[in-house]
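J.:
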Amino acid sequence: MSEDRPADGNEGDGTGAATLAPGMLEDLTRDILESLIHNIIYQTALSCHRSEKQLRMQSAATSAESLALANIEPPSIKNSQSQPSLPTAETDAALYENGRVFLKGNPLKTTPEIICPHCKLPRLMHPIMGKGMQQPDLTREYCMLYPWVQRSGHDVYGNPFPTDMAKSKKERELLKQQQKQQDKESVGTPGSQDTDMNAGDGTQGKEIKLNTGGKPASYIPWHTCPKCKRSLLITRFAHHLDKCLGISGRQSSRAAMAKISGVNGSGSGNTPLGSRMGTPAPGSQGDGPIPKSKAKGISPVKNLRDNADASDGENDTPERKKKKTKSSYVKKADREKLSKEGTPNGSSVKIKLKTGNPTERRDSNMSEKREREPSESVDEGAPKAKKLKLSMGKAGSPPAPTPLAQGSP
Amino acid sequence: MDAIAKPSALASPKLIKNAKGAVVPSSQMAHIAYGCEHMRTMMENARKQTFGHYRGILQKIYEEPSIIAQTYNKKTDGLSVVSLRPLYLCLQCPNIMTEADRDEHIDSKRHIFSVESRGGNVYCGDCQDFIYDPLLEERRLQKGKKRKYEDTTTTEEHKLVLNNSTFLPCRAIGLRGLYNMGQTCFMSVILQTLIHNPFIRNFYLSEGHKTVDCERESCVSCALDEMFVEFHSVEKTEGFGAVNMLMGSWLAGEALAGYQQQDAHEYMQFMLNTLHLQNGGSTDTEDCDCIVHQTFYGRLSSTVTCDNCRNTTTALDPYMDLSLDIRNLPKKKKSERSDDDQIALQSCLDRFTGREKLGAAEYTCQTCDGGQNATKQLSIKQLPPVLPIHLKRFEHSKSTSTKLETRISFPLTLDLYPYTTAYRSTSPPPAKNAAPRNTSHNTNAPANTLIYELSSVVVHKGKIDSGHYISYSREGDDWFMFDDSKVVLASEKEVLGAEAYLLFYMVQCLEV
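Quick note, the sequences are listed as chains A and B, same order.
When you number the first sequence by full-length UniProt numbering, it's gap-free, plus one each residue, and the end is 409.
When you number the second sequence by full-length UniProt numbering, it's gap-free, plus one each residue, and the end is 512.
1) Could you check the C-alpha separation between Leu141(B) and Ile451(B) for me, to the nearest Å?
2) Reducing DSSP to helix, strand and coil, say where Cys143(A) ends up.
3) With a 10 Å radius around its C-beta and 16 neighbouring C-beta atoms as the bar for buried, classify Asn106(A) as buried or exposed.
4) Mind checking if Glu99(B) is an interface residue toward chain A, Cβ cutoff 7 angstroms exclusive?
5) With Asp483(B) as the anchor, note down where its beta strand (DSSP E) starts and where it stops.
6) Could you give the DSSP three-state label for Trp148(A): helix, strand or coil?
7) Would you say Ile234(A) lies against chain B (beta-carbon separation less than 7 angstroms)?
8) I'd like to confirm something about Thr367(B): is its beta-carbon nearer than 6 angstroms to some heavy atom of the ligand MN, or not?
9) At what residues does the beta strand (DSSP E) containing Leu378(B) begin and finish?
10) Which residues does DSSP pair with Val488(B) in a beta bridge?
11) Going along the region 34-59 of chain B in order, which residues come within less than 8 angstroms of chain A, judged by CB to CB distance?
12) Taking Pro94(B) as the reference, which of His209(B), Thr50(B) and Tyr132(B) has the closest Cα?
13) If you run the structure through DSSP and keep just helix, strand and coil, what is His154(A)?
14) In terms of alpha-carbon separation, which member of Leu300(B), Asp263(B), Tyr259(B) and Cys368(B) lies closest to Ser379(B)?
15) The alpha helix (DSSP H) spanning Val212(B) covers which residue range?
16) Does Ser466(B) have its Cβ less than 7 angstroms from a Cβ in chain A?
17) May I ask you to list the residues that DSSP assigns as paired with Leu178(B)?
18) To the nearest angstrom, how far is the alpha carbon of residue 555(B) from that of Thr211(B)?
19) Please return the same chain residues whose Cβ sits closer than 7 angstroms to the Cβ of Gln342(B), not counting the five positions on each side in sequence.
20) Which class does Val234(B) belong to by DSSP, given the choice of helix, strand or coil?
21) What are the partner residues of Met506(B), as DSSP defines its beta bridges?
22) I want to verify the contact list: residues of chain A whose CB lies under 7 angstroms from the CB of Thr184(B), in sequence order.
23) Along the region 119-149 of chain A, where does the CB come closer than 7 angstroms to a CB of chain B? Name the residues.
24) Kindly indicate the opening and closing residues of the alpha helix (DSSP H) around Thr193(B).
25) The alpha helix (DSSP H) spanning Phe270(B) covers which residue range?
26) Hey, how far is the Cα of Asn39(A) from the Cα of Pro86(B)?
27) Do the region 135-146 of chain A and the region 108-126 of chain A make contact, defined as three or more Cβ pairs closer than 8 angstroms?
28) As a quick exercise: from Glu113(A), Asp27(A), Pro22(A) and Pro87(A), pick the residue whose alpha carbon is nearest that of Leu55(A).
29) Kindly list, in the order they appear in chain B, the residues whose Cβ is closer than 8 angstroms to that of Ile40(A).
30) Per DSSP, which one or two residues make a beta bridge with Arg474(B)?
31) How about Arg171(B) and Glu235(B): are their beta carbons less than 7 angstroms apart?
32) Our contact map puts Leu489(B) next to Gln43(A) with C-beta atoms below 8 angstroms; I'd like the distance itself, whole angstroms only.
33) Do you know whose CA, among Gln262(B), Gly120(B), Pro169(B) and Arg139(B), lies nearest Gln183(B)'s CA?
34) Taking buried to mean at least 16 other C-beta atoms within 10 Å of its own C-beta, is Glu65(A) buried or exposed?
35) Going by beta-carbon coordinates alone, are Ser455(B) and Arg474(B) separated by less than 7 angstroms?
36) Where does the unbroken alpha helix (DSSP H) through Glu99(B) begin, and where does it stop?
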């Protein structure tokens, strides 16, 4: 836009001075047009050149720095500045001298590879799947910032989209079965989705795995309700919280709360605990008498909980799963009746119908989730927000102070 | 183009592991001293002169009339020729040359550095390539101006930060989806735009809101802080369950609470207000320096002129977003409109800041002492760094609510100067093309323009009662589409073709 302003000016000067010879205007117009197009191409090319060259410059510097730091002997870990021997190194592309890097030659020629200045690992240059994918050399380790994946049904990291969260019961069962099979066959780490090209892993011990960092398509996380400490599917959370906070169904919520506290008084007295224990332990999904007995112990609690939020996706215990096979459907009215009567089994049946969630059978996810959740919900007394941050730190991620460095503009 | 508006990959110092697997503290990102070895020689010999000359050239490029830097003397006959194409200004002498002349000049005079006249980039004759010297780049991005605020971080402080920070996964650059918790997409889209707002992000990542010290229960700001920490420090790529945010929002805003669909615009207003209150915002909105006001607060000037006595009254109203009417424009404009029923954002803004007749019943003039016909005009008195624009797609009448599905075209860069009070008051009838607006005659940094760049778009798909929200945000030079827990790369074309509901424009450059 700003480009054509000088053009106007020039043209104005020209026409103002004298009348144009025939054909002049045509030449002039073509000339201006060509110049403008030239400028657009020039600017596009230059900005592309700039970003690429800056990446290469930094890469040259980073590899020189890594070399220099590798050269200093391990004990000198404290502070490189106070060392008697200053770290120096020289590569084909750069000279590292005590924290400063002097480039040698043109980095576009000397440095073919882009190295991440943060983790000091080479960057992958092509997406690992989808549009423009190229099979990388898997004997090397790469910076985790992969080129963005463009593949339908997959996100930018290459994870498959979560499958429809409201699948029919049969579909879920089927998925569950497949998942089980896969889990048995593959030795891969749970939770991280291995990409296509790793099918033949294990042939070379050295090979790294490309990691999309996500979860299987069918994964739906669970989350502990900050209010009642129950664990439930994230997709049902708004619905649950609505009732739990007593926002819309005031009456029902109150009744539910009263019932829960009633159980706490008379019964086992561990509602929140029960909800946590009610979900199957990792690896013990599907069958096995252990979860069953566990579930039995807390089933009254569960039962009441179910009353509180009838259609919520509460955790299905394996025991409930079993029940499901016995009775396939109970009318809503019946369900309510049953729940009022307090028959432990009646209401758990009803829940199964609505949710029948396949997720908790997916061992890998569950185990991951299980690891995480207790830390979030153990100390109910502590403020929730604090708790969360702490637990994140525990999970191997950096603690809160980190962003300070990152965020400074 | 500049460092502020386009944050590239986040820079963070971190520990590195050496070949033996032991953690070695790295000083920081390897520091490049000079753009190339030739520049090193130059700087070591004549540092001050180089900076001085470069600043002079930058001022010539960005402040003086562009015709100066775009004129060269022809070698053959010495005539002055104006070029539209980039020319090269020698860094060591006042010569301005074409590309061919530049190469000759390098050979004959050994003045190897020259500055390209369009953007101030430095060309090295010995490298035969453009170089990007860190120190010169810094000056270039400031367009030759001195920084208003110096970076006050000392090396000691810098070291302290380095020694006390941990490695952040390179992948954690804030691109994660948000799980739909059951009709919560209205929330997700607003949260995504906040997460990708560099002002808000920098505030939270620099411990702007200290969760540890916050004593509020179910604090929305804490919940947002939690999200920023999670998005920028954890190597996970699956969606995030914004449970605390949901609960905080519901507890803080009764009107939006409950398991039902909500309006994203309403939620945004609620969020901004809540964050303002929870980040030490004062109730006096006039001068509140909380992060929300620093980012979104602007003022509209509303001028009413009495048709009878020409008396004008002006009122200033604060705003956090502009709500634009997108109902079909008056018929007379039909010729301007292109083929299909597409309306440009600019014409909505034109109408927003246009003159509006008030009837005698609507306006009472104080001087005339009675009802008078009057003319009302809105204009932007003060612009925020990030301007949310709300397109009124939802019409609510007494009985029914309808959605307008009119196509609104919106640009990637938007000049907001024509809608400001400064422009509206100086040019009574907006006579386009009449007077040159660009009074400085500089095309590289034109005066009287306020360029904003599109940074996020919130889209409503489907019908009013059964729709779905998605959003687009820019991160670096890439656009991403956020649809609940999905994050997908998007093209500019896709973004510009979306049925926008909320648009976020961010100022292109700020003087720092």
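A virtual CB, placed ideally from N, CA and C, is assigned to each residue, including glycine.
T.: Reading off the structure:
1) Locating residue 141(B) in the second sequence gives position 141, where the first residue counts as 1. Locating residue 451(B) in the second sequence gives position 451, where the first residue counts as 1. One C-alpha to the other measures close to 16 angstroms.
2) The sequence position of residue 143(A) within the first sequence is 143, counting from 1. Coil, per DSSP.
3) Taking the first sequence and counting its residues from 1, one reaches residue 106(A) at position 106. The residue is buried, with at least 16 neighbouring Cβ atoms inside 10 Å.
4) As a first step, residue 99(B) must be located in the second sequence, where it is residue number 99. So no, Glu99(B) is outside the interface.
5) Looking up residue 483(B) in the second sequence gives position 483. Its beta strand (DSSP E) spans residues Asp478 to Asp483.
6) Residue 148(A) sits at position 148 when you count from the first residue of the first sequence. Coil, per DSSP.
7) Residue 234(A) sits at position 234 when you count from the first residue of the first sequence. Cβ-Cβ to chain B under 7 angstroms: yes for Ile234(A).
8) Ligands are entirely absent from the displayed structure, and the ligand MN is therefore not among its contents.
9) Within the second sequence, numbered from 1, the residue matching residue 378(B) stands at position 378. Start and end: Ala374 to Gln382.
10) Within the second sequence, residue 488(B) is the residue found at index 488, counting from 1. According to DSSP, Val488(B) bridges with Met481(B).
11) Tyr34, Gly35, Cys36, Glu37 and Arg40
12) Taking the first residue of the second sequence as position 1, residue 94(B) is located at position 94. When each option's Cα is compared against that of Pro94(B), the closest is Thr50(B).
13) As a first step, residue 154(A) must be located in the first sequence, where it is residue number 154. Reduced to three states, the DSSP call for His154(A) is strand.
14) Here residue 379(B) is taken as the residue at index 379 of the second sequence, counted from 1. Scanning Leu300(B), Asp263(B), Tyr259(B) and Cys368(B) for the CA closest to the CA of Ser379(B) turns up Leu300(B).
15) Here residue 212(B) refers to the residue found at position 212 of the second sequence. First-last for Val212(B): undefined, no H or E at that position.
16) In the second sequence, the residue the question calls residue 466(B) occupies position 466. Closer than 7 angstroms: no.
17) Residue 178(B) sits at position 178 when you count from the first residue of the second sequence. Answer is Phe240(B).
18) Summary: the structure shown does not reach residue 555(B), with chain B confined to residues 1 through 512, and so no result is reported for it.
19) Position 342 of the second sequence holds residue 342(B). Closer than 7 angstroms at the Cβ level, and outside the excluded window around Gln342(B), lie Arg407 and Ser409.
20) Here residue 234(B) corresponds to residue number 234 of the second sequence, with the count starting at 1. Coil, per DSSP.
21) For the purposes of this step, residue 506(B) is taken as residue 506 along the second sequence, with counting starting at 1. According to DSSP, which records beta bridges pairwise, Met506(B) is partnered with Val386(B) and Glu453(B).
22) Along the second sequence, read from residue 1 onward, the residue named residue 184(B) stands at position 184. What Thr184(B) touches in chain A: Ala238.
23) Cys119, Lys120, Cys143, Met144, Leu145 and Trp148
24) Numbered from its first residue, the second sequence carries residue 193(B) at position 193. Segment Cys185 to Ile195, the alpha helix (DSSP H) holding Thr193(B).
25) On the second sequence, residue 270(B) is found 270 positions in, with the first residue counted as 1. Ala264 to Gln278 is the extent of the alpha helix (DSSP H) around Phe270(B).
26) As a first step, residue 39(A) must be located in the first sequence, where it is residue number 39. As a first step, residue 86(B) must be located in the second sequence, where it is residue number 86. Near 7 angstroms, if we compare the C-alpha coordinates of Pro86(B) and Asn39(A).
27) yes
28) Translated into the one-based positions of the first sequence, residue 55(A) becomes position 55. Among Glu113(A), Asp27(A), Pro22(A) and Pro87(A), the Cα nearest to that of Leu55(A) is on Glu113(A).
29) On the first sequence, residue 40(A) is found 40 positions in, with the first residue counted as 1. Under the 8 angstroms cutoff, chain B gives no residues; its nearest Cβ is about 11 angstroms from Ile40(A).
30) Taking the first residue of the second sequence as 1, we reach residue 474(B) at position 474. In DSSP, Arg474(B) forms a bridge with Trp479(B).
31) Locating residue 171(B) in the second sequence gives position 171, where the first residue counts as 1. Locating residue 235(B) in the second sequence gives position 235, where the first residue counts as 1. Yes, these two residues count as a Cβ contact at 7 angstroms.
32) Here residue 489(B) corresponds to residue number 489 of the second sequence, with the count starting at 1. Here residue 43(A) corresponds to residue number 43 of the first sequence, with the count starting at 1. No, Leu489(B) and Gln43(A) are not in contact; Cβ-Cβ is about 24 angstroms, not under 8 angstroms.
33) What you label residue 183(B) is simply residue 183 of the second sequence in a count that begins at 1. Measuring from the Cα of Gln183(B), the nearest candidate turns out to be Gln262(B).
34) Indexing the first sequence from 1 puts residue 65(A) at position 65. Glu65(A) comes out buried.
35) Position 455 of the second sequence, counting from 1, holds the residue named residue 455(B). Position 474 of the second sequence, counting from 1, holds the residue named residue 474(B). Contact flag set, yes.
36) For the purposes of this step, residue 99(B) is taken as the residue at position 99 of the second sequence. According to the DSSP assignment, Glu99(B) belongs to the alpha helix (DSSP H) that extends over Glu99 to Lys109.
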